Ligand SMILES: [Zn+2]
């Protein structure tokens, strides 16, 4: 009944205001660190579910950067990457502004080894959210109302989906000049102009005038040291670019600008073995892998149909016809 909902909504709004004040107050007080608990709901068992925001503040005016991972609960590489970034004291000694680090947003998915929340909905397709909507919409709304208003820019960490390995890459919206500058400062091996999908965090942040870039590296449910190394260097490079950290940016590689991409798909079903993997430049006709018949009677070669860079590949050993095998990126 509406009468019963109103007090809850009013309490939620009050809690969100208190939370925003708590984070904002840390920004303008002494330099230091605050761990802020953001309640997002309960499990059916009654256990409270809280997101933790680690707030590092310089005590000086400046920009507030958001470093976020785990919006997809099975993309663990970003979660571990941000844990390591805190552990290695990356955010200590800030020269201006504030950094808000949220290593894990989708706790519901994380404890179920799932990309989505338990009803199957994707938080990153539920923005800007709704406090009376599905669980994914409620988490998205809490984030939109409490965190987004406080930040000037953000980096959102992801991995490839099930069995798909993404070579470390940063994505920005082609019509967002500030995001492009952040992406270039990050200096990942691939810098990719990619249109925003509706109802994503990146789209909602853009609508609020806040540039957010998306890092993709590794695959879901796995850790990848190389992707973490690139990601942590990228955070540091962006924070130096935004004058939050002091130092010299570390050029990890020559970043290749990718303007468009498509997937090379399996011509047959069978056992897939790749011979070329992500990160390399390929010429038309290069042998990329083969798909073998289970009984050994037939082998289908998978060859490049054009020249470009492999920016992601499929590690699944069993494929159906039409399954995505190689994500090919093009400079033109
Ligand atoms: Zn993701």
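Residue numbers (this note's numbering): 36 to 367. All C-beta atoms, glycine included, are put in the ideal place defined by N, C-alpha and C. Computed from a predicted model, the values in this text were never measured in an experiment.
Through-space distance from residue j to residue i, alpha-carbon basis
| i | j | result |
| --- | --- | --- |
| residue 299 | residue 221 | 28 Å |
| residue 95 | residue 361 | 46 Å |
| residue 326 | residue 301 | 8 Å |
| residue 137 | residue 256 | 19 Å |
| residue 297 | residue 354 | 18 Å |
| residue 91 | residue 127 | 7 Å |
| residue 26 | residue 79 | Since the displayed the chain opens at 36 and closes at 367, residue 26 lies outside it and no answer follows. |
| residue 324 | residue 339 | 10 Å |
| residue 258 | residue 112 | 5 Å |
| residue 135 | residue 100 | 6 Å |
| residue 110 | residue 103 | 12 Å |
| residue 247 | residue 331 | 48 Å |
| residue 148 | residue 196 | 12 Å |
| residue 347 | residue 194 | 10 Å |
| residue 175 | residue 240 | 12 Å |
| residue 286 | residue 292 | 15 Å |
| residue 308 | residue 144 | 30 Å |
| residue 156 | residue 217 | 30 Å |
| residue 238 | residue 315 | 30 Å |
| residue 352 | residue 97 | 49 Å |
Status (buried if at least 16 other CB within 10 Å, exposed otherwise) for residue i
| i | result |
| --- | --- |
| residue 173 | buried |
| residue 245 | buried |
| residue 333 | exposed |
| residue 177 | buried |
| residue 232 | exposed |
| residue 188 | buried |
| residue 230 | exposed |
| residue 191 | buried |
| residue 344 | buried |
| residue 142 | buried |
| residue 122 | exposed |
| residue 115 | buried |
| residue 210 | exposed |
| residue 146 | exposed |
Below-8 Å beta-carbon distance, residue i vs any chain B residue
| i | result |
| --- | --- |
| residue 213 | The chain labelled as chain B is not found in the depicted structure, where only one protein chain is given. |
Anticipated Cβ contact below 8 Å, residue i with residue j, distance rounded
| i | j | result |
| --- | --- | --- |
| residue 179 | residue 73 | Rounded, the Cβ-Cβ distance is 12 Å, inconsistent with contact. |
| residue 267 | residue 252 | The pair is not a contact, with the Cβ atoms about 11 Å apart (cut-off 8 Å). |
| residue 125 | residue 270 | 7 Å |
| residue 153 | residue 170 | 7 Å |
6 Å CB neighbourhood of residue i in its chain, flanking five on each side removed
| i | result |
| --- | --- |
| residue 278 | 131 |
| residue 203 | 223, 224, 252, 262 and 265 |
| residue 303 | 326, 335 and 356 |
| residue 350 | 198 and 200 |
| residue 305 | 326, 327 and 328 |
| residue 275 | 282 and 284 |
| residue 213 | 246 |
| residue 206 | 227, 229 and 249 |
| residue 215 | 207 |
Cutoff 8 Å; reference residue i; Cβ partners in own chain excluding five residues on either side
| i | result |
| --- | --- |
| residue 310 | 322, 323, 324 and 325 |
| residue 70 | 87, 88, 89 and 90 |
| residue 243 | 183 and 184 |
| residue 312 | 200, 345 and 348 |
Neighbourhood of residue i by C-beta distance below 7 Å, restricted to the same chain and skipping five residues each side
| i | result |
| --- | --- |
| residue 318 | 339 and 342 |
| residue 294 | 228, 365, 366 and 367 |
| residue 236 | 106, 159, 162, 191 and 247 |
| residue 280 | 129, 130, 271 and 274 |
| residue 219 | 226 |
| residue 83 | 74 and 77 |
Practice task
Just jot down, in chain order, the residues whose CB lies closer than 6 Å to any heavy atom of ligand 1.
Solution key: 107, 110 and 193
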